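Colleague: In order, the protein sequences belong to chains S and L. Just add 31 to wherever you are in the first sequence, counting from 1, and you've got the working numbering. Just add 594 to wherever you are in the second sequence, counting from 1, and you've got the working numbering. Glycine included, every Cβ here is placed at the ideal spot set by N, Cα and C. Since we're looking at a predicted model, the values are computed, not measured.
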Amino acid sequence: MESEIVLTMRGICKYFPGVRALEGVDFTLRKGTIHALMGENGAGKSTLIKVLTGVYPMDEGEIRLEGNTVSIHSPQDAQNCGISTVYQEITLCPNLTVAENMFIGRTEGRRVDWKTMDRRAGELLDSLGIPARPRQQLGSCSLAVQQMVAIARAVDTDCKVLILDEPTSSLDDKEVEMLFRLMRDLKARGVGIVFVTHFLEQVYAVSDQITVLRNGKLVGEYDVRELPQVQLVEKMIGKDLEDLSNIKKHTAPTGQNVQPLYEAEGLSSTESRPFDFHIAKGEVNGFTGLLGSGRSESVRAIFGADRVTGGKVKINGKDVHIASPHDAMKQGIGYLPEDRKRDGIIADLSVRENINLALQVMQGFFHPLSKAQMRQFADEYIAALQIKTASQDTPIKALSGGNQQKVILARWLLTHPQYLILDEPTRGIDVGTKTEIQKLVLKLSEEGMSVTFISSEIEEMLRTCSRLIVMRDRKIVGELTGDELTQANVMKTIAGGEG
Amino acid sequence: MSGNNKNVHREPLTDAQLLMVISIGIFAAMYLGAMVTLGGGFLKAQQIFDLLNDNAALIIISCALTVVMIGGGINISVGGVIGLTVMSCALFLNNCTIESDFVTILLTFLLALGIGLAFGLLQGFLVSYLEIQPFIVTLAGMFLARGLTTILSVNPVKVTHAGFLALSKTKLKISWLGYVAQNGNLIPAKIEIGAIVAVAVVLIMWMVLRYLKLGRNIYALGGNRQSALMLGINVKKTCFSSYVISGVLSGLAGFVFLMHKPAGNASVAMRSEMDAIAASIIGGTLLTGGVGNVIGSFFGAMILATIQKIIALSPLNASWWQEMANGAMLGFFIMLQSVVLSARAKSRGKLEANQQGHPKKE
Chain S
32 MESEIVLTMR
42 GICKYFPGVR
52 ALEGVDFTLR
62 KGTIHALMGE
72 NGAGKSTLIK
82 VLTGVYPMDE
92 GEIRLEGNTV
102 SIHSPQDAQN
112 CGISTVYQEI
122 TLCPNLTVAE
132 NMFIGRTEGR
142 RVDWKTMDRR
152 AGELLDSLGI
162 PARPRQQLGS
172 CSLAVQQMVA
182 IARAVDTDCK
192 VLILDEPTSS
202 LDDKEVEMLF
212 RLMRDLKARG
222 VGIVFVTHFL
232 EQVYAVSDQI
242 TVLRNGKLVG
252 EYDVRELPQV
262 QLVEKMIGKD
272 LEDLSNIKKH
282 TAPTGQNVQP
292 LYEAEGLSST
302 ESRPFDFHIA
312 KGEVNGFTGL
322 LGSGRSESVR
332 AIFGADRVTG
342 GKVKINGKDV
352 HIASPHDAMK
362 QGIGYLPEDR
372 KRDGIIADLS
382 VRENINLALQ
392 VMQGFFHPLS
402 KAQMRQFADE
412 YIAALQIKTA
422 SQDTPIKALS
432 GGNQQKVILA
442 RWLLTHPQYL
452 ILDEPTRGID
462 VGTKTEIQKL
472 VLKLSEEGMS
482 VTFISSEIEE
492 MLRTCSRLIV
502 MRDRKIVGEL
512 TGDELTQANV
522 MKTIAGGEG
Chain L
595 MSGNNKNVHR
605 EPLTDAQLLM
615 VISIGIFAAM
625 YLGAMVTLGG
635 GFLKAQQIFD
645 LLNDNAALII
655 ISCALTVVMI
665 GGGINISVGG
675 VIGLTVMSCA
685 LFLNNCTIES
695 DFVTILLTFL
705 LALGIGLAFG
715 LLQGFLVSYL
725 EIQPFIVTLA
735 GMFLARGLTT
745 ILSVNPVKVT
755 HAGFLALSKT
765 KLKISWLGYV
775 AQNGNLIPAK
785 IEIGAIVAVA
795 VVLIMWMVLR
805 YLKLGRNIYA
815 LGGNRQSALM
825 LGINVKKTCF
835 SSYVISGVLS
845 GLAGFVFLMH
855 KPAGNASVAM
865 RSEMDAIAAS
875 IIGGTLLTGG
885 VGNVIGSFFG
895 AMILATIQKI
905 IALSPLNASW
915 WQEMANGAML
925 GFFIMLQSVV
935 LSARAKSRGK
945 LEANQQGHPK
955 KE
């Protein structure tokens, strides 16, 4: 590579209590290139980014920017050096206006010049084609637009290094394409871009180089053309990847005599329109559709997570009334929520407490689990699901995303549900864990558990589900089974007739 | 201007503005209601000025509370700081031997601000840099201030300094807003200096929160602390500043209080921090931070003051009725806020769903 090196990180080390997050990692970014940073969850990508942006101080190592050693102690330092970041979670203030979010914290002087700020924000939003108004309250924009405002902010600073940490996880295809256009545009202007993502196709669509990390160590830096996708995955996982397609597809129990486990007729909640739904014992089915099509709202209605407003529900042929998650749990339904951080984990509690939470609720608070029982259950599931944690006393927030997800999964498995709902269980999770979770789902169904699976990755749904319920505009628009289950068919159904 | 019609587009009210408009509306309705049903004093312009005169200190500490609450904190020491300031200033005035009235009063004023500043600095440091819960820090501050007040003097202290008494009786007279008394004399409307100071504080704080970076940083801090940090805001300094402002305003409120009632005793402005919190909340400040407005808090304080006046003039004149009315008002407001905000969030959600359901053709 002849192009000029803009950023060098050498021998970066970062330790957390009980965990070596980074051990002697090197990273080099050249001007006008897009450099993908890859690795499984817990590989140290986020930590490396946070060291670079001054969120965490590094314990050892050196950062050079355009040849000069820099010391970065805060996000502000990073910004001043020309390192801008867009994080996976939107780090903007929803109570401020769009324009303020783009300019706050980086203007000169003590005063706020609203006129100039609104004008410049308007121009920038227009030039990037972002559908937001400068004076709009940010909280009133959709998540995707908020993400793009964050990118607009990052782009507008005089930035040499732009870090995009999972920027596409909440964007739809059109928006992703728009973002890529923007990235290529910036690349042409000489910005070095660090691109962190879990979507392999996206890496190959825009990146020039790939750096792979594993368990806090550097695996290597590669040119994207010299590293086929399969090899990349191998390097990330560090072992021969069991080919994803080898997972045996689930076959639906057939015949008219299959007893439905759960039946709903005209079920509706404050957030979802009335719909009919059923699942048989041992069946794996899925809701699919675009973001906002109502798939999550439907399963939330099944679990009673939103206020149920109507409809009849039968479990094993008997009428039941499910008005709250507690009712659903008593009927043996488990639900792994879409937003792990908000609805799933209790961040400050230990892994053990998080695992035992649902079982304890089922038992009732007057029949506490003994400490020994809790320890035993925790150990059992940490081993069974291969949860990577320093100990069962570690607070769950110290775990990587994939391992947090496994803890939540363990929480539900411990209650031995007859019906498990998994809403985006594999989002933001590395390929290895994804495969594990998919295999687990199939194993559970073989043992007779019914599973409803939601994922934005259609391929994943096709691999695991024997029946797909397709939603559009908050309505069920189709149901696909057997041979109809092909990617093309699903896409066509999601898109609708005219497509 | 860019000539882009997106910029010309009128934005819907933000949550904070909406809540403020509601509180202004309620104040207007309440006041008009009092004019119609009670008449008397409420028909005179002086009534409004009396509300301001009597509640100047409350208005100032409501601003003090609003600033920290927007930043996601709380300050319950403001009443205690008023008490301490009033007592210290009263003792200082009575024992000061400086000839010049001007110098004495200036020194008293600086003493008041100094006490407030000291509390602000200390509490701000503990909350922002040592990251101790603001509730605990300011609760301790309140106890400290009350304790110091009692140490200074167990008995009430009346100000005897002639110059200060003259100042405290100084009133701005506006004849065209006055009324003709029964004996035919024109009685002009009277405004105390404290009331003018209070209104000025409201306007200045509004400008600070709206047009200074510090103000916007406080909003950002209260909106999402983590995001504010990521956006490159010095959150510790911002948080610290909000407590310093709040402390200085408390000291100023103490001075204004002393001008209105030139006497100190250990229980001066007892529990006024609770009234100030109520005024802020009624004015549309959320306890969760990030949303609020001092103009709203001004009207919140005026609503509490009007309730007090109405009850004083009605047959129910008893302090517990006033407390109950305040309580009911607060409860009503919090319910109203939550209903309005959730209705908004819902309509927003629908809008978004519709936009996603029917993507625009390119």
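Taking any Cβ of chain S, which residues in the region 812-846 of chain L have a Cβ under 8 Å from it, in chain order?
Modeller: Y813, A814, G816, G817, N818, Q820, S821, A822, L823, M824, L825, G826, I827, N828
Colleague: How would you list, in chain order, the residues of chain S whose beta-carbon sits under 8 Å from the beta-carbon of Y805 (chain L)?
Modeller: One-based indexing of the second sequence puts residue 805 (chain L) at position 211. The answer, in chain order, is R142, V143, W145.
Colleague: Can you check the region 352-414 of chain S for any beta strand (DSSP E) of at least 3 residues that lies completely inside it and give the ranges in chain order?
Modeller: 364-367
Colleague: Return the residue from the list S:L159, S:C190, S:V192 that minimises the CA-CA distance to Q178 (chain S).
Modeller: As a working note, residue 178 (chain S) is residue 147 in the first sequence. If we check each option's Cα against that of Q178 (chain S), S:L159 comes out closest.
Colleague: At a CB-CB cut-off below 8 Å, which residues of chain S make contact with G877 (chain L)?
Modeller: Here residue 877 (chain L) is taken as the residue at index 283 of the second sequence, counted from 1. Chain S residues near G877 (chain L): none, gap ~16 Å exceeds 8 Å.
Colleague: How is D337 (chain S) classed by DSSP in three states: helix, strand or coil?
Modeller: Position 306 of the first sequence, counted from the start, is the residue given in the question as residue 337 (chain S). Residue state, collapsed to three classes: coil.
Colleague: To which residues of the same chain is D271 (chain S) closer than 8 Å at the C-beta, ignoring the five residues directly before and after it?
Modeller: Sequence index remark: in the first sequence, residue 271 (chain S) carries index 240 (1-based). In this prediction, D271 (chain S) has a pLDDT of 45, which is less than 50 and means its spatial position is unreliable; what the coordinates show is noted afterwards. E265, listed in sequence order.
Colleague: Can you give me the Cβ contacts of L645 (chain L) inside the same chain, cut-off strictly under 7 Å, excluding the 5 residues immediately before and after it?
Modeller: As a working mapping, residue 645 (chain L) is identified with position 51 in the second sequence. Closer than 7 Å at Cβ, skipping near neighbours: M896, A899, T900, K903.
Colleague: Can you tell me where the beta strand (DSSP E) holding V508 (chain S) begins and where it ends?
Modeller: Position 477 of the first sequence holds residue 508 (chain S). Residue range 506-512 is occupied by the beta strand (DSSP E) that includes V508 (chain S).
Colleague: Should the region 441-453 of chain S be called in touch with the region 420-431 of chain S, which here means at least 3 C-beta pairs below 8 Å?
Modeller: no
Colleague: When you compare the CB positions of V234 (chain S) and G70 (chain S), do they come within less than 9 Å of one another, or not?
Modeller: For the purposes of this step, residue 234 (chain S) is taken as residue 203 along the first sequence, with counting starting at 1. For the purposes of this step, residue 70 (chain S) is taken as residue 39 along the first sequence, with counting starting at 1. Cβ distance not < 9 Å, so V234 (chain S) and G70 (chain S) don't count as in contact.
Colleague: Is there a Cβ from chain L that is less than 9 Å from the Cβ of V86 (chain S)?
Modeller: Locating residue 86 (chain S) in the first sequence gives position 55, where the first residue counts as 1. Taking Cβ atoms only, chain L reaches closer than 9 Å to V86 (chain S), which makes this a yes.
Colleague: So, are the CB atoms of G665 (chain L) and S836 (chain L) less than 9 Å apart?
Modeller: For this step, residue 665 (chain L) is matched to residue 71 along the second sequence. For this step, residue 836 (chain L) is matched to residue 242 along the second sequence. Yes; because the gap between Cβ atoms is below 9 Å, this pair is in contact.
Colleague: Under 7 Å Cβ to Cβ from Q641 (chain L), same chain only, skipping five residues before and after it: list those, please.
Modeller: Against the second sequence, residue 641 (chain L) aligns to sequence position 47. Within the same chain, G635 come within 7 Å of Q641 (chain L) by CB-CB distance, once the 5 residues on both sides are set aside.
Colleague: When DSSP labels each residue in this structure, what does G726 (chain L) get in the three-state scheme?
Modeller: To locate residue 726 (chain L), count along the second sequence from 1; it is residue 132. Reading off the sequence shown, one finds Ile at residue 726 (chain L), where the question assumed Gly. Coil, per DSSP.
Colleague: Taking 9 Å as the CB-CB limit, is E725 (chain L) close to chain S?
Modeller: For the purposes of this step, residue 725 (chain L) is identified with residue 131 of the second sequence, where counting begins at 1. Residue contact check for E725 (chain L) against chain S: no CB pair falls below 9 Å.
Colleague: Using 8 Å for Cβ pairs, my map puts N647 (chain L) next to G788 (chain L). What's the rounded Cβ distance?
Modeller: Looking up residue 647 (chain L) in the second sequence gives position 53. Looking up residue 788 (chain L) in the second sequence gives position 194. At roughly 7 Å, the Cβ-Cβ gap stays under 8 Å, so N647 (chain L) and G788 (chain L) are in contact.
Colleague: Between the region 137-147 of chain S and the region 832-849 of chain L, can you find at least three pairs of beta-carbon atoms closer than 8 Å?
Modeller: When Cβ pairs closer than 8 Å are counted between the two stretches, the region 832-849 of chain L is seen not to touch the region 137-147 of chain S, the count staying below three.
Colleague: I'd like to know if L881 (chain L) contacts chain S, where contact means its C-beta is closer than 9 Å to some C-beta of that chain.
Modeller: Within the second sequence, the letter at position 287 stands for residue 881 (chain L). No, no contact with chain S.
Colleague: Using the three-state DSSP reduction, which class does V234 (chain S) fall into: helix, strand or coil?
Modeller: On the first sequence, position 203 is the one that residue 234 (chain S) refers to. Three-state result, V234 (chain S): helix.
Colleague: Can you give the beta carbon distance from I43 (chain S) to I224 (chain S), rounded, assuming they're within the 8 Å contact cut?
Modeller: Along the first sequence, one-based indexing puts residue 43 (chain S) at 12. Along the first sequence, one-based indexing puts residue 224 (chain S) at 193. Not quite, the Cβ-Cβ distance comes to about 19 Å (not below 8 Å), so this is no contact.
Colleague: Name the residue from L:H755, L:F737, L:Q727 whose alpha carbon lies nearest to the alpha carbon of C690 (chain L).
Modeller: Residue numbering aside, residue 690 (chain L) sits at position 96 when the second sequence is read from its first letter. Nearest option by C-alpha distance: L:H755.
Colleague: Tell me which same chain residues have a C-beta within less than 7 Å of the C-beta of R503 (chain S), skipping the five on either side of it?
Modeller: As a first step, residue 503 (chain S) is located in the first sequence; it is residue number 472 there, counting from the start. Correct list, in chain order: G320, S324, I525, G527.
Colleague: Whose Cβ in chain L lies nearer than 7 Å to the Cβ of R137 (chain S)?
Modeller: Your numbering for residue 137 (chain S) matches position 106 in the first sequence. Those within 7 Å of R137 (chain S) in chain L are G826.
Colleague: Using only alpha-carbon positions, find the residue among S:Q107, S:R95, S:E455 that is nearest to N828 (chain L).
Modeller: Sequence index remark: in the second sequence, residue 828 (chain L) carries index 234 (1-based). Looking at the Cα atoms, S:Q107 is the closest of the given residues.
Colleague: What first and last residue would you give for the beta strand (DSSP E) that runs through R61 (chain S)?
Modeller: Taking the first sequence and counting its residues from 1, the one referred to as residue 61 (chain S) is at position 30. 50-61 is the span of the beta strand (DSSP E), which, as asked, contains R61 (chain S).
Colleague: Find the nearest neighbour of T39 (chain S) within the set S:A130, S:G433, S:R137, S:K191, judged by alpha-carbon distance.
Modeller: In the first sequence, counting from the first residue as 1, residue 39 (chain S) sits at position 8. Comparing Cα positions, the closest option is S:K191.
Colleague: Taking 9 Å as the threshold (beta carbon to beta carbon), is R326 (chain S) in contact with chain L?
Modeller: Here residue 326 (chain S) corresponds to residue number 295 of the first sequence, with the count starting at 1. R326 (chain S) does not count as touching chain L.
Colleague: Considering only the beta carbon of each residue, do L193 (chain S) and S115 (chain S) sit closer than 9 Å?
Modeller: Here residue 193 (chain S) corresponds to residue number 162 of the first sequence, with the count starting at 1. Here residue 115 (chain S) corresponds to residue number 84 of the first sequence, with the count starting at 1. Yes, the Cβ-Cβ distance between L193 (chain S) and S115 (chain S) is below 9 Å.
Colleague: Terminal residues of the continuous alpha helix (DSSP H) containing F851 (chain L)?
Modeller: The residue labelled residue 851 (chain L) in the question sits at position 257 within the second sequence. From DSSP, the alpha helix (DSSP H) with F851 (chain L) extends over 829-854.
Colleague: Please list, in chain order, all residues of the same chain as T464 (chain S) whose beta carbon is under 6 Å from its beta carbon, the five residues on each side excluded.
Modeller: Within the first sequence, residue 464 (chain S) is the residue found at index 433, counting from 1. Closer than 6 Å at Cβ, skipping near neighbours: G433.
Colleague: Who are the neighbours of R338 (chain S) on chain L, taking C-beta pairs under 7 Å?
Modeller: Walking along the first sequence from the start, residue 338 (chain S) turns up at place 307. Residues of chain L passing the Cβ test: none, with the nearest at roughly 12 Å.
Colleague: Under 9 Å between C-beta atoms, does T199 (chain S) make it to chain L?
Modeller: If you number the first sequence from 1, residue 199 (chain S) lands on position 168. No, T199 (chain S) lies away from the interface with chain L (no Cβ there is under 9 Å from its Cβ).
Colleague: Can you give the Cα-Cα distance for A403 (chain S) and F397 (chain S), rounded to whole angstroms?
Modeller: On the first sequence, residue 403 (chain S) is found 372 positions in, with the first residue counted as 1. On the first sequence, residue 397 (chain S) is found 366 positions in, with the first residue counted as 1. Taking the straight line joining both Cα atoms gives about 17 Å.
Colleague: Going by alpha carbons, who is nearest to E369 (chain S) out of S:T483, S:Y87, S:A52?
Modeller: Residue numbering aside, residue 369 (chain S) sits at position 338 when the first sequence is read from its first letter. With distances taken between Cα atoms, E369 (chain S) lies closest to S:T483.
Colleague: Hey, would you say K27 (chain S) sits closer than 9 Å to V227 (chain S), going by beta carbons?
Modeller: Chain S is shown from 32 up to 530; residue 27 (chain S) falls before or after that span and cannot be answered.
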